[in-house]
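*Asks:* Residue numbers (numbering that gives the first Met the number 0), protein chains in the order written: chain A, 0 to 248; chain B, 0 to 76; chain C, 0 to 113; chain D, 0 to 577.
Input: one structure, supplied below.
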Amino acid sequence: MKESKYSKFFIFQIVLSLATVLAVILPIFLSRVPWPDLARNYLEHNGLRDSGARNLVSAIYLGYRAFDTLGETIVLLVAVSGTISIISHSGLSQAKGFGKGEIKKHTNNSISGFRRTELIDVVTGKLGPIVLIFGLYLMLFGHLSPGGGFQGGVVVASGIVFMALGSKTDSSTWLQETGALAKIEAAGFLFIVLASLSGIPGGFGFFGNPLSSSGASPVISIIVLNTIIGLKVGAGLGFMCIAMLGKVE
Amino acid sequence: MTIIIMILLIVLSLYTLSSRDLLYGVIALSAFSMLSATLFYIFNAPDVAITEAAVGAGVSTVIFAWAIRSTERKDQE
Amino acid sequence: MIEQILLIILFLIGFWGIIAKKNIIKKIFALSILNSSVLILYITEGSKIGTNAPIMEEGVKNVVDPVPQALMLTAIVIGVCITALALAIAFRLYRYTHTLDIDKIHRKLHDEPF
Amino acid sequence: MSHSDIIFAPIFLPLLGSALVFCGKSFFKGRKAKLIEYSAVFIGLGLPWIVLFYLLPFILSGTTIQLVIGNWFGGVGIIYRFDGLAWLVIFLGFLIASAAWIYTLGAGPRGLGFNAIFLIQTAALAATAMTADLFNLFVCLEILGITSYVLIASSEKPGAFLASFSYLMISATAMVFFLVGLLGLYRLTGTLSYEGIAAGLKILPGEGGITAIVSLSLIVAAIAMRVAVMPLYGWLPDAHALAPHAISAVLSGVLIKTPLFALTRILIILPGGIEAGRLMGYAGAATALVGVIIALAQKDTKRLLAYHSISQIGYIVSAWGAAVTAGLSTPAGLTLMTAAFLHAMYHALFKGLLFLTIGTTTDLAGERDVYKLRGAAIILYRGGEKFPVTLLCFLVGALAIMAIPPLNGYASKAALSYAFKGSWQASVLFAAGIGTTASFIKLSRIYWPQKKINQSSPKTGTIPGKVSGSVQISQIFLAIMCIASGIFASRISLIVKKLLSNGIIDTNRVPPNLFSIQNLEKTAITVTAGIVLFLIVSTGSGKKILSLIRNRPRNFQGLFLSFSLGMFGLTLWMIYKS
Numbered sequence: 000m001k002e003s004k005y006s007k008f009f010i011f012q013i014v015l016s017l018a019t020v021l022a023v024i025l026p027i028f029l030s031r032v033p034w035p036d037l038a039r040n041y042l043e044h045n046g047l048r049d050s051g052a053r054n055l056v057s058a059i060y061l062g063y064r065a066f067d068t069l070g071e072t073i074v075l076l077v078a079v080s081g082t083i084s085i086i087s088h089s090g091l092s093q094a095k096g097f098g099k100g101e102i103k104k105h106t107n108n109s110i111s112g113f114r115r116t117e118l119i120d121v122v123t124g125k126l127g128p129i130v131l132i133f134g135l136y137l138m139l140f141g142h143l144s145p146g147g148g149f150q151g152g153v154v155v156a157s158g159i160v161f162m163a164l165g166s167k168t169d170s171s172t173w174l175q176e177t178g179a180l181a182k183i184e185a186a187g188f189l190f191i192v193l194a195s196l197s198g199i200p201g202g203f204g205f206f207g208n209p210l211s212s213s214g215a216s217p218v219i220s221i222i223v224l225n226t227i228i229g230l231k232v233g234a235g236l237g238f239m240c241i242a243m244l245g246k247v248e
Numbered sequence: 000m001t002i003i004i005m006i007l008l009i010v011l012s013l014y015t016l017s018s019r020d021l022l023y024g025v026i027a028l029s030a031f032s033m034l035s036a037t038l039f040y041i042f043n044a045p046d047v048a049i050t051e052a053a054v055g056a057g058v059s060t061v062i063f064a065w066a067i068r069s070t071e072r073k074d075q076e
Numbered sequence: 000m001i002e003q004i005l006l007i008i009l010f011l012i013g014f015w016g017i018i019a020k021k022n023i024i025k026k027i028f029a030l031s032i033l034n035s036s037v038l039i040l041y042i043t044e045g046s047k048i049g050t051n052a053p054i055m056e057e058g059v060k061n062v063v064d065p066v067p068q069a070l071m072l073t074a075i076v077i078g079v080c081i082t083a084l085a086l087a088i089a090f091r092l093y094r095y096t097h098t099l100d101i102d103k104i105h106r107k108l109h110d111e112p113f
Numbered sequence: 000m001s002h003s004d005i006i007f008a009p010i011f012l013p014l015l016g017s018a019l020v021f022c023g024k025s026f027f028k029g030r031k032a033k034l035i036e037y038s039a040v041f042i043g044l045g046l047p048w049i050v051l052f053y054l055l056p057f058i059l060s061g062t063t064i065q066l067v068i069g070n071w072f073g074g075v076g077i078i079y080r081f082d083g084l085a086w087l088v089i090f091l092g093f094l095i096a097s098a099a100w101i102y103t104l105g106a107g108p109r110g111l112g113f114n115a116i117f118l119i120q121t122a123a124l125a126a127t128a129m130t131a132d133l134f135n136l137f138v139c140l141e142i143l144g145i146t147s148y149v150l151i152a153s154s155e156k157p158g159a160f161l162a163s164f165s166y167l168m169i170s171a172t173a174m175v176f177f178l179v180g181l182l183g184l185y186r187l188t189g190t191l192s193y194e195g196i197a198a199g200l201k202i203l204p205g206e207g208g209i210t211a212i213v214s215l216s217l218i219v220a221a222i223a224m225r226v227a228v229m230p231l232y233g234w235l236p237d238a239h240a241l242a243p244h245a246i247s248a249v250l251s252g253v254l255i256k257t258p259l260f261a262l263t264r265i266l267i268i269l270p271g272g273i274e275a276g277r278l279m280g281y282a283g284a285a286t287a288l289v290g291v292i293i294a295l296a297q298k299d300t301k302r303l304l305a306y307h308s309i310s311q312i313g314y315i316v317s318a319w320g321a322a323v324t325a326g327l328s329t330p331a332g333l334t335l336m337t338a339a340f341l342h343a344m345y346h347a348l349f350k351g352l353l354f355l356t357i358g359t360t361t362d363l364a365g366e367r368d369v370y371k372l373r374g375a376a377i378i379l380y381r382g383g384e385k386f387p388v389t390l391l392c393f394l395v396g397a398l399a400i401m402a403i404p405p406l407n408g409y410a411s412k413a414a415l416s417y418a419f420k421g422s423w424q425a426s427v428l429f430a431a432g433i434g435t436t437a438s439f440i441k442l443s444r445i446y447w448p449q450k451k452i453n454q455s456s457p458k459t460g461t462i463p464g465k466v467s468g469s470v471q472i473s474q475i476f477l478a479i480m481c482i483a484s485g486i487f488a489s490r491i492s493l494i495v496k497k498l499l500s501n502g503i504i505d506t507n508r509v510p511p512n513l514f515s516i517q518n519l520e521k522t523a524i525t526v527t528a529g530i531v532l533f534l535i536v537s538t539g540s541g542k543k544i545l546s547l548i549r550n551r552p553r554n555f556q557g558l559f560l561s562f563s564l565g566m567f568g569l570t571l572w573m574i575y576k577s
């Protein structure tokens with residue numbers, strides 16, 4: 000494909016696109032306008048009071064703009080179930096269909112088929128639980144320190160993958176059973192949607208915080224959301240990674 | 000400091016895109032993610048740094064490694 | 000200023016990779032580089048107005064703007080989701096055509112009966 | 000307001016439904032799971048209808064509900080706005096989604112994952128129609144995008160994966176540009192809501208200068224890519240042609256129009272938006288003509304329909320652009336916008352119908368080539384359709400898109416030409432109408448009886464083809480909607496106008512007579528010219544030209560080149576005009 004790769008027309012196309020893109024993004028990347036401090040000033044003074052979270056990023060992520068976070072978890076859900084359905088070769092009917100038998104079979108086969116060494120066994124097997132605990136910490140203390148549901152969930156997912164890699168083929172733990180992970184993910188999604196509705200009966204609105212007037216600290220809702228999102232994300236990503244490991248031939 | 004990291008990022012991204020072996024590209028991309036996580040930490044964004052490290056260096060590396068193992072490793076260019 | 004110029008270069012490298020690289024997995028690499036360059040731009044610019052991380056411990060003042068950080072959390076996640084899906088599709092394309100070259104894939108699938 | 004939260008019902012009910020589908024599948028098996036699935040789909044697609052009709056009187060009386068989600072601080076929180084435009088777009092989305100879902104019962108894609116993703120897509124459509132926050136718009140567009148990549152790929156055709164991949168790459172890149180534009184606007188104004196940005200820009204010296212203009216043009220370009228306006232349409236034909244039929248109906252019926260109407264909210268409020276709308280309107284008129292020329296050249300049935308989607312979206316965008324230019328609060332702008340929405344809705348109905356009927360036919364015949372497939376009516380008869388439902392429904396759809404009275408296509412095209420009266424766009428659209436007629440004569444030839452009994456029947460034998468009941472129901476439903484909405488077009492257009500005006504303008508004027516002699520004459524001319532054009536392109540040299548158009552080089556980097564050029568052109572235009 001030499002001639003098509005180096006054809007003059009091709010290079011011309013590339014140069015032209017790059018030049019136009021450069022011209023278009025230049026004014027924004029080089030903008031000298033001072034960064035606005037409206038939102039920052041408001042949040043610095045009221046963020047802690049409004050949401051109860053010391054971590055202002057968490058306050059925005061799960062408070063002010065929690066609806067975006069819902070959208071993000073939806074994107075993740077669709078990506079996970081779409082990816083699994085596309086790679087499992089069986090169409091959407093099996094997607095998330097948790098073709099339990101099927102995917103589990105793949106998983107076990109593959110992980111046994113994986114070229115394993117003593118090092119992988121020991122390191123991943125022993126490290127797995129520690130990583131899981133770190134993930135839980137990130138999840139539960141996301142309102143105080145950096146971290147949060149999503150980050151915790153990702154770490155939990157890598158813990159799950161570690162444990163899947165580390166365990167011997169026949170002694171798979173319940174976490175690796177994709178059925179359990181799928182259940183956690185589905186239930187997590189249902190709980191997130193229900194949590195978003197929980198403010199409506201009390202008159203706080205969609206995504207309103209039902210605790211905001213009951214005297215309890217509003218931060219509880221952030222902790223709850225963090226936990227659910229973390230579990231859901233961890234289960235979903237873990238499921239996807241295990242399914243992928245299962246496809247390695 | 001930040002400028003050095005950014006230059007490193009550029010070098011890594013060029014290496015990612017030009018390496019013949021895609022697996023090296025994945026490793027470089029994962030290093031790219033770790034470096035940008037460092038950058039986020041320097042710029043007072045610890046949350047984003049944790050996410051980038053967990054996602055960029057963790058999950059996406061696993062996915063890329065899977066894709067390359069199940070397709071082919073050499074770039075035929 | 001130098002930072003912004005470096006970020007523009009990074010952005011252009013990503014865009015160049017998406018168009019000019021023939022290998023579809025490299026195109027996906029390039030997409031994540033492109034995404035990262037914008038993420039870094041948001042964070043660097045957003046941190047210009049403060050000196051502290053946006054975590055309101057006692058006595059912390061003059062924090063950076065937390066809004067771009069929260070937005071970028073969402074953008075990172077969406078980015079990795081798109082990446083995962085793109086790789087899954089690339090895997091299936093490879094299964095059908097046994098190549099990762101976009102032009103060859105185009106040619107092979109062009110006469111495919113529907 | 001007691002009903003202010005209920006506006007979110009079109010979003011959370013489908014989400015709840017999809018969550019229940021996932022849960023039902025992973026916790027139960029067999030009949031219980033099926034039961035939960037169907038009730039979840041009912042929650043997701045059925046209940047929102049009740050909410051929509053409950054809200055209709057409020058919206059008709061001019062009420063606009065605007066609130067910050069969760070009653071947080073508006074400067075950081077997400078603002079949603081429910082008005083006539085949102086109601087109409089959501090109505091359209093649920094209408095097509097319901098019909099398409101019924102079709103999937105019979106013809107697939109089946110499976111629980113599909114239902115859940117389909118419901119999520121519907122929810123995202125509703126959210127896109129209502130959002131008044133730029134970053135939330137980004138998230139909604141990403142959800143729409145990622146669900147469509149998965150749904151397009153779910154047809155399991157090799158080409159569909161390539162189409163899905165191209166669409167994914169171009170739209171992910173476009174969304175990166177969207178983020179860059181968002182950064183530009185945020186750093187100028189410090190807020191993300193449309194109103195906040197508009198207010199912030201107005202107090203800046205020079206309304207933000209070049210940064211604001213470029214940011215806006217990046218955002219507009221990213222959305223225009225989704226709408227598939229002229230230079231940015233390259234991803235659409237393959238994606239729509241190779242998706243499962245029901246998904247094609249939803250994609251070209253609703254998915255490419257929702258971002259357009261969401262863009263309206265941005266353009267009418269931001270400085271410089273009017274100029275972007277004007278250019279998009281011009282591009283739309285060009286799209287209508289070019290799209291139909293390429294469509295005429297196609298030989299694959301569904302690809303022909305997909306290019307017609309591009310052409311018809313051109314009609315809509317040209318009227319929409321003119322409406323944004325004139326301003327929605329002027330009578331002329333309102334008439335144009337009404338025509339644009341009417342055509343969007345009617346196009347969704349008849350194009351959905353066409354995709355479904357053609358899909359049924361080609362599936363049964365096992366052949367998609369316009370030049371090869373003949374005698375499809377007999378194949379359908381053999382497929383168990385004693386009464387030619389599919390054929391009749393196809394005829395309704397084809398006549399509607401050819402704008403034959405009294406079908407709905409006639410009504411909306413008459414409304415368009417009334418709104419455009421005397422301007423150059425009217426003649427462009429008229430020319431496009433001729434091409435449409437010609438290409439649908441070409442397409443309908445697949446139903447003409449075969450001259451000789453040829454040997455292609457083994458293909459029919461391989462497929463245990465049968466037209467199932469739900470396929471017929473959804474087709475009949477859409478066909479009846481096409482006819483009814485054509486007959487009651489004047490009333491519908493009054494309601495649409497009233498909804499779009501939000502009670503500002505008195506709309507109790509007599510609507511233009513759609514069935515005037517002038518319009519009928521015009522239709523007769525169009526049809527005659529269409530037949531002549533068809534005869535011309537059926538000649539040897541005509542076929543040669545068509546195959547030249549059909550086989551023009553298309554490749555991956557061309558998509559990106561046209562995207563960057565389109566974006567650059569838009570930016571230059573806006574700088575020049577400001």
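No residue lacks a Cβ here, since even glycine has one placed at the ideal position from N, Cα and C.
If I measure Cβ to Cβ from PHE160 of chain D and keep anything under 6 Å in the same chain, skipping five residues before and after, which residues do I get?
*Replies:* Locating residue 160 of chain D in the fourth sequence gives position 161, where the first residue counts as 1. If the five residues before and after PHE160 of chain D are omitted, its C-beta is found closer than 6 Å to the C-beta atoms of ALA152, all from its own chain and listed in chain order.
*Asks:* State the CB to CB distance for the pair ILE89 of chain D and ALA125 of chain D, rounded to an integer number of angstroms; the pair is presumed to be in contact (CB under 8 Å).
*Replies:* Start at 1 with the first residue of the fourth sequence, and residue 89 of chain D comes out as number 90. Start at 1 with the first residue of the fourth sequence, and residue 125 of chain D comes out as number 126. Right, their Cβ atoms sit about 5 Å apart.
*Asks:* Measure the C-alpha to C-alpha separation of ARG53 of chain A and ALA36 of chain B and round it to an integer number of angstroms.
*Replies:* The sequence position of residue 53 of chain A within the first sequence is 54, counting from 1. The sequence position of residue 36 of chain B within the second sequence is 37, counting from 1. Spanning the two alpha carbons is a distance of roughly 22 Å.
*Asks:* Does LYS107 of chain C have its Cβ less than 8 Å from a Cβ in chain B?
*Replies:* One-based indexing of the third sequence puts residue 107 of chain C at position 108. With its beta carbon at least 8 Å from every one in chain B, LYS107 of chain C lies outside the interface.
*Asks:* Going by the DSSP bridge assignment, what does ILE64 of chain D pair with across the sheet?
*Replies:* On the fourth sequence, position 65 is the one that residue 64 of chain D refers to. For ILE64 of chain D, which the question treats as bridged, DSSP gives the partners D:PHE81.
*Asks:* Please identify the residue among D:TYR79, D:TYR575 and D:LEU571 whose C-alpha is closest to the C-alpha of ALA22 of chain A.
*Replies:* As a first step, residue 22 of chain A is located in the first sequence; it is residue number 23 there, counting from the start. The residue with the shortest Cα to Cα distance from ALA22 of chain A is D:LEU571.
*Asks:* In three-state terms, what does DSSP make of THR329 of chain D?
*Replies:* The residue given as residue 329 of chain D occupies position 330 in the fourth sequence. Secondary structure at THR329 of chain D: coil, using DSSP grouped into helix, strand and coil.
*Asks:* What are the start and end residues of the alpha helix (DSSP H) that includes ILE377 of chain D?
*Replies:* Looking up residue 377 of chain D in the fourth sequence gives position 378. Unbroken alpha helix (DSSP H) run through ILE377 of chain D: 375-381.
*Asks:* So the alpha helix (DSSP H) ILE48 of chain C belongs to, where does it begin and stop?
*Replies:* The residue labelled residue 48 of chain C in the question sits at position 49 within the third sequence. Per DSSP, ILE48 of chain C belongs to no alpha helix (DSSP H) and is neither H nor E.
*Asks:* Within the 8 Å Cβ cut-off, does ILE77 of chain C reach chain D?
*Replies:* As a first step, residue 77 of chain C must be located in the third sequence, where it is residue number 78. Yes, because at least one Cβ of chain D sits closer than 8 Å to the Cβ of ILE77 of chain C.
*Asks:* Express the C-alpha separation of ALA402 of chain D and GLY382 of chain D in angstroms, rounding to a whole number.
*Replies:* To locate residue 382 of chain D, count along the fourth sequence from 1; it is residue 383. To locate residue 402 of chain D, count along the fourth sequence from 1; it is residue 403. Each residue's alpha carbon lies about 30 Å from the other.
*Asks:* Using 8 Å for Cβ pairs, my map puts LEU75 of chain A next to GLY204 of chain A. What's the rounded Cβ distance?
*Replies:* Looking up residue 75 of chain A in the first sequence gives position 76. Looking up residue 204 of chain A in the first sequence gives position 205. The Cβ separation is near 25 Å, so there is no contact.
*Asks:* In angstroms with no decimal places, state the Cα-to-Cα distance between ALA185 of chain A and MET243 of chain A.
*Replies:* For this step, residue 185 of chain A is matched to residue 186 along the first sequence. For this step, residue 243 of chain A is matched to residue 244 along the first sequence. Using only the alpha carbons, I get a separation of about 19 Å.
*Asks:* Go to SER163 of chain D, then tell me how far its alpha helix (DSSP H) extends in each direction, as first and last residue.
*Replies:* Counting from 1 along the fourth sequence, the entry for residue 163 of chain D is found at position 164. 157-188 is the span of the alpha helix (DSSP H), which, as asked, contains SER163 of chain D.
*Asks:* Below 8 Å, can you find three or more Cβ-Cβ pairs linking the region 248-266 of chain D to the region 297-317 of chain D?
*Replies:* yes
*Asks:* Helix, strand or coil for PRO67 of chain A, going by three-state DSSP, please let me know.
*Replies:* As a working note, residue 67 of chain A is residue 68 in the first sequence. Checking the displayed sequence, the identity of residue 67 of chain A turns out to be Asp instead of Pro. ASP67 of chain A falls in the helix class under three-state DSSP.
*Asks:* Please tell me whether THR1 of chain B has its Cβ less than 8 Å away from any Cβ of chain C.
*Replies:* What you label residue 1 of chain B is simply residue 2 of the second sequence in a count that begins at 1. Output row for THR1 of chain B: interface = yes.
*Asks:* Just mark PHE8 of chain A as buried or exposed, buried being the case when its beta carbon has 16 or more other beta carbons within 10 Å.
*Replies:* The count along the first sequence starts at 1 and reaches residue 8 of chain A at position 9. Counting the other CB atoms within 10 Å of its CB gives PHE8 of chain A a total below 16, which places it among the exposed residues.
*Asks:* Put VAL62 of chain C into one of helix, strand or coil per three-state DSSP.
*Replies:* What you label residue 62 of chain C is simply residue 63 of the third sequence in a count that begins at 1. Reduced to three states, the DSSP call for VAL62 of chain C is strand.
*Asks:* For the region 93-101 of chain C and the region 65-82 of chain A, state whether three or more C-beta atom pairs, one from each stretch, are separated by less than 8 Å.
*Replies:* no
*Asks:* For the region 53-84 of chain A, which residues have a CB atom closer than 9 Å to at least one CB atom of chain B, in sequence order?
*Replies:* ASN54, VAL56, SER57, TYR60 and THR82
*Asks:* Along the chain, where does the alpha helix (DSSP H) containing PHE608 of chain D start, and where does it finish?
*Replies:* Lying outside 0 to 577, the shown extent of chain D, residue 608 of chain D is not represented and no answer is given.
*Asks:* So what does THR130 of chain D bridge to, in DSSP terms?
*Replies:* Against the fourth sequence, residue 130 of chain D aligns to sequence position 131. Paired residue(s): D:TYR79.
*Asks:* Give the residues of chain A in contact with GLY77 of chain B, contact being defined as C-beta atoms less than 7 Å apart.
*Replies:* Nothing about residue 77 of chain B can be read from this structure; chain B reaches only from 0 to 76.
*Asks:* Mapping the DSSP letters down to three states, classify ASN501 of chain D as helix, strand or coil.
*Replies:* Here residue 501 of chain D corresponds to residue number 502 of the fourth sequence, with the count starting at 1. Three-state result, ASN501 of chain D: coil.
*Asks:* Any idea if GLN120 of chain D is buried or exposed, counting beta-carbon neighbours within 10 angstroms, 16 or more meaning buried?
*Replies:* Within the fourth sequence, residue 120 of chain D is the residue found at index 121, counting from 1. By the 10 Å Cβ count, GLN120 of chain D comes out buried.
*Asks:* Along the region 19-32 of chain C, what residues have a CB closer than 8 Å to any CB found in chain A?
*Replies:* Within the region 19-32 of chain C, the qualifying residues are ALA19 and LYS21.
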